[in-house]
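Asks: Numbered per my numbering, the sequence shown spans residues 4 to 310.
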Amino acid sequence: MTEEGRLDAVLAAAYPDLSRARVQRLIANDRVLVDGAPARKSTHVERGAQVAVTLPDTPRSAVPTGLTLPVLHEDADLLAIDKPAGLLVHDAPAEPGAPTVAGWFVEHYAGDAAAFDVERPGIVHRLDKHTSGLLLLAKTPAAQTALSAAFEARETEKQYVALCDGIPQRDRAVIDADIARSHADRRRMAVTAEGRSAQTEYEVLASARERSLLLVKPLTGRTHQIRVHLAAIGASVTGDELYGRGPGPRHLLHAWRLTVPHPRGGELTVTAPLPRDMLAAIDEAGFSPQAAPYAEPVAPTPTEETA
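#1: In the DSSP assignment, the alpha helix (DSSP H) including S151 goes from what residue to what residue?
#2: Could you say which of S215, R267, S210 and F119 lies nearest to L29 if we only look at CA atoms?
#3: Quick check on the DSSP output: what are the complete alpha helix (DSSP H) runs of length 4 or more inside the segment 76 to 137, in order along the chain?
#4: Within the continuous beta strand (DSSP E) that includes A55, where are the two ends?
#5: Taking C-alpha atoms, which residue in T195, T103, H227 and D115 lies nearest to L81?
#6: Output the boundary residues of the alpha helix (DSSP H) element that contains R230.
#7: Going by the CB atoms, is the gap between G224 and H128 shorter than 9 Å?
#8: What is the residue span of the beta strand (DSSP E) that L271 lies within?
#9: Would you decide whether G106 is buried or exposed? Buried here means 16 or more other CB atoms lie within 10 Å of its CB.
#10: Can you list, in chain order, the residues of its chain whose CB lies under 7 Å from that of S210, leaving out five sequence neighbours each side?
#11: What do you reckon, are the CB atoms on H133 and G198 nearer than 9 Å?
#12: If I follow the unbroken alpha helix (DSSP H) through I285, where does it start and stop?
#13: Is it true that the CB of S45 sits closer than 9 Å to the CB of A275?
#14: Please tell me whether I229 and L256 are closer than 9 Å, where the distance is taken between their beta carbons.
#15: If we ignore side chains and look at the alpha-carbon of each, how far apart do G100 and V109 end up?
#16: Tell me which residues share the same chain as H227 and place their Cβ nearer than 6 Å to its Cβ, disregarding the 5 neighbours each side in the sequence.
#17: For G251 and V231, I'd like the C-alpha separation in whole angstroms.
#18: Return the chain-ordered list of same chain residues with a C-beta closer than 7 Å to the C-beta of A176, the five sequence neighbours on each side being excluded.
#19: According to the neighbour-count rule (16 or more other Cβ atoms, all chains shown, within 10 Å of its Cβ), is P73 buried or exposed?
#20: Quick check: what's the CA-CA separation for D286 versus R34?
#21: Mapping the DSSP letters down to three states, classify L70 as helix, strand or coil.
#22: According to DSSP, is L256 part of a helix, a strand, or is it coil?
#23: Looking only at DSSP bridge pairs, what is D168 linked to?
#24: Quick one: what does DSSP say L139 is sitting in, helix, strand or coil?
#25: Going by beta carbon distance, what residues of the same chain come within less than 7 Å of A40, once the five residues before and after it are set aside?
#26: Using a Cβ-Cβ cut-off of 9 Å, state whether A145 counts as contacting chain E.
#27: Please report the Cβ distance between K161 and P221, rounded to the nearest whole angstrom; I am assuming they are in contact, meaning their Cβ atoms lie under 8 Å.
#28: Around the Cβ of D243, are there at least 16 other Cβ atoms within 10 angstroms (buried) or fewer (exposed)?
#29: Taking just the CA atoms, how far does L36 sit from A42?
#30: Give me the residue from R279, A153, Q172 and L10 with the minimum Cα distance to T52.
#31: Terminal residues of the continuous alpha helix (DSSP H) containing D179?
#32: What is the DSSP secondary structure of A15, reduced to helix, strand or coil?
#33: Going by DSSP, name the residue or residues bridged to I182.
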């Protein structure tokens with residue numbers, strides 16, 4: 004190693020295909036040795052020092068899934084897929100060995116996945132297991148870094164469709180209520196003054212007989228945010244056993260449309276059509292097709308810069 008400086012910065016410069024986050028995890032797991040000894044990310048590397056990096060051999064998510072997932076958009080930097088309800092995004096301690104989106108990515112994009120963190124290759128953001136719809140995956144570490152930064156900086160626009168039990172008092176509003184993990188039940192999140200700032204915008208598309216159909220835009224990205232916020236205003240997501248009236252095969256929440264800054268410039272907007280179970284439930288609730296214009300598939304619309 005001919006460069007000198009802080010260890011994580013030196014490695015990030017030497018291995019541009021590895022994200023800074025992955026470099027730091029390799030260091031934390033003692034997979035980076037400086038002159039034969041483990042080091043910290045802040046260790047100063049002298050010019051001429053011997054730095055050895057050991058990458059894990061096999062991604063933990065490389066368990067064959069047998070899944071076929073709809074790809075809504077693909078280019079050199081990213082994928083947009085339509086995640087079905089019931090599928091985990093990445094490994095979960097409570098469900099070891101269960102199929103995941105990360106596993107599908109490793110299985111079908113092995114060459115791209117090899118450059119990533121072995122536990123969550125390509126993952127930029129997440130959806131709850133039983134939430135269906137649009138999910139982005141990065142095909143390169145550089146794209147993952149750029150997209151993750153865009154989500155962190157709230158430069159993305161996420162739109163969901165939710166069928167709810169109950170009708171909000173206002174047809175359109177922003178729910179501004181802090182969220183933290185519940186002290187009573189660690190599976191749940193809760194609205195509390197001790198929580199982190201969270202805002203969710205919603206619009207009522209249709210309502211009747213104590214049911215409502217909402218277009219929802221989370222302005223922040225807290226765990227279970229939409230489900231917690233809608234339950235707090237008396238319009239819990241239909242089928243939500245954790246925060247709503249339940250029970251149901253799954254909560255009827257769908258990630259419908261996403262707009263993000265593309266890593267190469269411009270914006271990318273992709274739409275995932277509503278799945279059959281939501282369309283059937285919307286019809287059963289008595290809402291006309293005009294109330295749910297999201298029923299018809301909409302083609303991905305990359306901008307000229309990203310086409």
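All C-beta atoms in this analysis are idealised placements derived from N, C-alpha and C, irrespective of residue type, glycine included.
Replies: Let's see:
#1: P144 to E155
#2: F119
#3: 104 to 111 and 113 to 116
#4: V54 to V56
#5: D115
#6: Q228 to A235
#7: yes
#8: E270 to T274
#9: buried
#10: I170
#11: no
#12: R279 to E287
#13: no
#14: yes
#15: 14 Å
#16: M192
#17: 17 Å
#18: Y205
#19: exposed
#20: 55 Å
#21: coil
#22: strand
#23: R214 and S239
#24: strand
#25: none
#26: No chain E is part of this structure, which consists of one protein chain only.
#27: 6 Å
#28: buried
#29: 6 Å
#30: Per the sequence shown, the amino acid found at residue 52 is Ala instead of Thr. That would be L10, whose Cα lies nearest to the Cα of A52.
#31: No alpha helix (DSSP H) holds D179; the beta strand (DSSP E) holding it covers R175 to D179.
#32: helix
#33: V194 and R199
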